[in-house]
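In our numbering, the protein residues as written are 3 to 265.
For glycine and all other residues, C-beta sits at the position ideal for the given N, C-alpha and C.
Remember, it's a predicted structure, so these values are computed and weren't measured experimentally.
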Ligand SMILES: Cc1cc2nc3c(=O)[nH]c(=O)nc-3n(C[C@H](O)[C@H](O)[C@H](O)COP(=O)(O)O)c2cc1C
């Protein structure tokens, strides 16, 4: 029975996990959530559905909530979710997913956290040290294999976390949700910008337009995924002052063309 893995990704981690699960499962496809939402037609989900995305401020990306609201799950019998995260304890997002699905009278059968490289460089820390990337990628691949086994058997397993309820409060997830779409005012490009336009191309929600050869953030649909910032070949896209001295990261197993066009 065909499985569709709907994914949202900024720097490729969640897409890599979705692709690994899909490969292990067979008879499945990966579909970009922003691309699915772009089509004005109804999104008709199949019998088996996976939703794969990163964790933001201990919760789900805003566009994932939009997607759950819009997708027609009438034919769907088995739903699983996979949330990639980075530092600290997993938590927050799976409870939120359960609640969002319950609003549509649907049950989350299985839910998993997969630790990945940290792409969040807006506060006081940098991208996870490169020394740790190899082990993180390997462990994520192993976990994707195990998730595929559970999904293939239509298993019921939800990863537990102590931070499930307190995490979103500590990280002010509600505040993030409220301000995220228009909250792109701290993004800018420096004089090193050579007008290549890649930032606009990798913005999966089309929140960047090129004007006179420079990117302009439109303040409409930003998800704060940081694709524009991490993928800039000149490293000239910044968010405030704090990102100037920080590293950049893109999942090495994902092609830029996949981030632009979908997997
Ligand atoms: C806006 C934003 C908020 C984030 N918040 C968290 C968080 O609360 N906890 C965490 O462990 N990782 C957090 N991260 C890190 C990402 O969840 C992690 O690096 C993820 O694997 C990125 O996935 P992607 O490459 O598919 O975009 C955050 C990243 C971003 C961009």
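- For residue 230, the secondary structure class from DSSP, reduced to helix, strand or coil, is helix.
- Among the bridge pairs identified by DSSP, residue 43 is matched with none.
- With 16 or more other CB atoms across the displayed protein chains lying within 10 angstroms of its CB, residue 99 is buried.
- Per DSSP, the continuous beta strand (DSSP E) segment holding residue 240 begins and ends at 239-241.
- Per DSSP, residue 177 is not a residue of any beta strand (DSSP E); the alpha helix (DSSP H) it occupies stretches across 175-181.
- In the DSSP assignment, residue 127 is bridged to no other residue.
- Contact between residue 141 and residue 251 does not hold, since their C-beta atoms are separated by about 17 Å, which reaches or exceeds 8 Å.
- When the alpha-carbon of residue 72 is set against those of 40, 56, 81, 86, the nearest one is in 40.
- Looking only at 131, 78, 125, the smallest Cα-Cα distance to residue 106 is reached by 78.
- Contact between residue 185 and residue 224 holds, with the beta-carbon distance rounding to 7 Å and staying under 8 Å.
- DSSP places residue 256 outside both helix and strand once states are collapsed to three, so it counts as coil.
- For residue 211 and residue 43, the gap between their C-alpha atoms comes out near 25 Å.
- Annotation for residue 11 indicates a beta carbon within 7 Å of some heavy atom of ligand 1.
- Between the beta-carbon of residue 116 and that of residue 19 there is about 5 Å, and that keeps the pair under the 8 Å contact cut.
- Unbroken beta strand (DSSP E) runs of no fewer than 3 residues, entirely contained in the stretch 5-84, are found at 5-9, 30-34, 50-56, following chain order.
- For residue 211, the uninterrupted beta strand (DSSP E) run begins and ends at 210-213, by DSSP.
- In this model, residue 137 and residue 264 are separated by some 26 Å (Cα to Cα).
- Exclusion of residue 183 from the 7 Å shell around ligand 1 follows from its C-beta lying no nearer than that to any non-hydrogen atom of the ligand.
- Counting along the chain, residue 170 sits inside the alpha helix (DSSP H) bounded by residues 168-172.
- Residue 110 sits buried, since 16 or more C-beta atoms from the chains shown fall within 10 Å of its C-beta.
- For residue 218, the uninterrupted beta strand (DSSP E) segment begins and ends at 216-219.
- Residue 86 has 56, 116 as its beta-bridge partners, per DSSP.
- Around the beta-carbon of residue 22, 16 or more other beta-carbon atoms lie within 10 Å, marking it buried.
- Taking all protein chains shown into account, residue 219 has 16 or more neighbouring C-beta atoms within 10 Å of its C-beta and is therefore buried.
- The nearest non-hydrogen atom of ligand 1 is less than 7 Å from the C-beta of residue 228.
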